[in-house]
Structures are given as structure tokens and as C-alpha cells.
Amino acid sequence: MTGPERPVIVLFGSSFVQYSFSNGGWGAILADVYARKADIVMRGYQGWNSRRALEVIDKIFPKDAKVQPSLVIVYFGGNDSIWKHSSGLGPHVPLDEYIENMRKIALHIESLSNETRLIMISCPPVNEEVLRKSKSGALANMVRTNETCKRYSDACIKLCQELKIEAVDLFHIIQKKDDWATTCIMPDGIHLTEEGSKLLVTEIFQVIKNAKWEPSLYWKSLPTEFGEDSDYYLVAPDGKSTINPSDWTYHRKIRWD
Numbered sequence: 134m135t136g137p138e139r140p141v142i143v144l145f146g147s148s149f150v151q152y153s154f155s156n157g158g159w160g161a162i163l164a165d166v167y168a169r170k171a172d173i174v175m176r177g178y179q180g181w182n183s184r185r186a187l188e189v190i191d192k193i194f195p196k197d198a199k200v201q202p203s204l205v206i207v208y209f210g211g212n213d214s215i216w217k218h219s220s221g222l223g224p225h226v227p228l229d230e231y232i233e234n235m236r237k238i239a240l241h242i243e244s245l246s247n248e249t250r251l252i253m254i255s256c257p258p259v260n261e262e263v264l265r266k267s268k269s270g271a272l273a274n275m276v277r278t279n280e281t282c283k284r285y286s287d288a289c290i291k292l293c294q295e296l297k298i299e300a301v302d303l304f305h306i307i308q309k310k311d312d313w314a315t316t317c318i319m320p321d322g323i324h325l326t327e328e329g330s331k332l333l334v335t336e337i338f339q340v341i342k343n344a345k346w347e348p349s350l351y352w353k354s355l356p357t358e359f360g361e362d363s364d365y366y367l368v369a370p371d372g373k374s375t376i377n378p379s380d381w382t383y384h385r386k387i388r389w390d
């Protein structure tokens, strides 16, 4: 930690999280919107499933840490839902185990502090046509369909309802756009484009805004760090005062609510 203590928002998951700061990704959008309000911390691990996450969750989220996150946004499911390989190797996790793994992850995170909040993101759809044509050696033996993605997504949402955890049903949100397979999914057939990330961020903001959390973690409700007036800012047209730019957002293409 450096400087005054801000709320900490941790993004925890697989490549879905690791890539979220690239190419206008959803993590980068959150970091921009929460600038000077909260620290967005990325804990994304390419190739991980819920089983691998559980192996090291105590190291990623130690219960004795001096500063605990105010919010953790979790995503696992895409790799878990990949069909089982005949060798027994690979990321596949049976659905029943996936549910229990996500339950353990949720309970661990909620135990970090009384003020730690949690949002889970469910498995998005994939572009099956692209995956079928893939010549990537890394994807050659992986089979991922929207039928299995939906099963894991629905299971995640059902678990969140059971545990009374906030959730984003990304599988259905993405498909609200008729051309989602090409506009919301990257050419790899799996990860989100900038457009897909915008849809996800819109939903995350709605969840945070509507959550009954005290204190609120909605970005407009958080104070801007060092937001007070200063004589060192640009001089106003009257020549007698300065213009405080602390909350300017003109640089954003989207006026986030």
C-alpha cells in the first residue's frame, strides 16, 4: 500500500481476468472509472480452473492480511466446462465439483472481513464456429460448446442465489446482441472484445449500484482522493480562482452511470 488507504477491488479468475486490462478490456475500464476512488487489483491466471484456484486461495487471499479487499469479482467456469480429455489431464472439472469449488471460494472470500463483498461472473458463450476451425495447438484437444457453457453458467447463478451472493449472468447478457458472436467475442472464439467488456462493465455497475452494501462501493458514491480545491490548478477566467479538475471525465468515450 502506498499513500492514503483506498477501497481495494480485486479481480480474481482465469485468462478472462488476466486479459481484462488489454485492448479496452473490462478490468481497464474499471481501473479508469475508479481512478482516485479505489484500487483495482488484477489476480488473473491464464489457464486456471476452480480446482487450481482452490489450491492457492489462501496465498492469494490470506486471512491475516493487514488490508482486506472491499470487493472481489470472481470468474471461473470457462476452463472447467471444457470436455474431459481421455488422458485425464486438462482443465475439465465435473459440474458437481465445480459448484462445490465455487462455494468454497465464495465462503473463503466472504470470511476475509465483515466488509468484504463479492460478485461472481458466470461463464459467457463462445463462438463455436471459430473454435471448430481453430488450428491452434493449444486448442486442438479442447472441446467447448455453448451447451456446456450454459450448464456451468446456470450452476454458478443458482449457487449465488442460494448463498445470496451478487452475480452477473454473462451467458445471457452477451447474447442480448444479435451479432454477439462476432462483436462481443474475440477472434479466438472465447474471450471478450472491447464491446463485450462494455456490456460486462455496464452490468457490474448496475449490480454495485443496486447492492444493499454499507458503505456503498458504487463509483459515484466514493470520494475522490485529494479532491479539494488548490491554488495550483489552472486559473479560472475570472482570474481570481482556480478550476478543480479532480472529477473531470471528458476523456471517456462512455459516460458511465
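In this note's numbering, each number is its position in the sequence shown, counted from 1, plus 133. Cβ coordinates follow ideal geometry from the N, Cα and C atoms, glycine included. This one's a predicted model, so the numbers in the text were calculated from it and none came from an experiment.
- DSSP, read as helix, strand or coil, puts ALA300 in strand.
- Restricting attention to TRP381, GLU295, GLY180 and PRO370, the CA atom closest to the CA of MET253 is found in GLU295.
- Within the DSSP secondary-structure output, ASP172 pairs in a beta bridge with VAL141.
- Pairwise C-beta distances place the segment 328-338 out of contact with the segment 222-242, as fewer than three of them are shorter than 8 Å.
- Bounds of the alpha helix (DSSP H) holding MET235 are 228-243.
- Taking C-beta separations shorter than 6 Å and ignoring five residues to either side along the sequence, the partners of SER379 in its chain run THR357 and GLY360, following chain order.
- Unbroken alpha helix (DSSP H) runs of no fewer than 4 residues, entirely contained in the segment 165-224, are found at 183-193, following chain order.
- In the assembly as shown, ASN247 is an exposed residue. Its beta-carbon has fewer than 16 other beta-carbons within 10 Å.
- In this structure, ARG184 is the residue among ARG184, VAL200, GLU280 and ASP191 with its C-alpha nearest to the C-alpha of PRO227.
- Under a 10 Å Cβ-count criterion, ASP172 is classified as buried, with 16 or more other Cβ atoms of the shown protein chains found around its own Cβ.
- At least 9 Å separates the beta-carbon of SER255 from that of GLY322.
- According to the DSSP secondary-structure assignment, LEU251 is paired through a beta bridge with VAL205.
- In the three-state DSSP reduction, GLY160 falls in the helix class (H, G or I).
- Contact between ILE298 and PRO257 is ruled out by a C-beta separation of about 18 Å, above the 8 Å threshold.
- The three-state secondary structure of GLY329, taken from DSSP, is helix.
- A residue is called buried when at least 16 other Cβ atoms come within 10 angstroms of its Cβ; VAL368 does not meet this threshold and is exposed.
- Looking at LEU264, MET319 and THR335, the one whose alpha-carbon comes closest to that of ASN156 is MET319.
- Note on geometry: alpha-carbon atoms of ASP302 and SER349 lie some 22 Å from one another.
- In this structure, the beta-carbon distance from TYR178 to VAL143 does not fall below 9 Å.
- When only Cα atoms are considered, GLN339 and ALA186 end up about 27 Å apart.
- When the beta-carbon positions are compared, LEU264 and ARG284 stay at least 9 Å from each other.
- Here the C-alpha atom of PRO224 lies approximately 53 Å from the C-alpha atom of ASP362.
- Only exposed fits PRO370, as fewer than 16 other CB atoms lie within 10 angstroms of its CB.
- Of the candidates VAL141, ILE337 and ILE242, VAL141 places its Cα closest to the Cα of VAL200.
- Beta-bridge analysis with DSSP links THR278 to no other residue.
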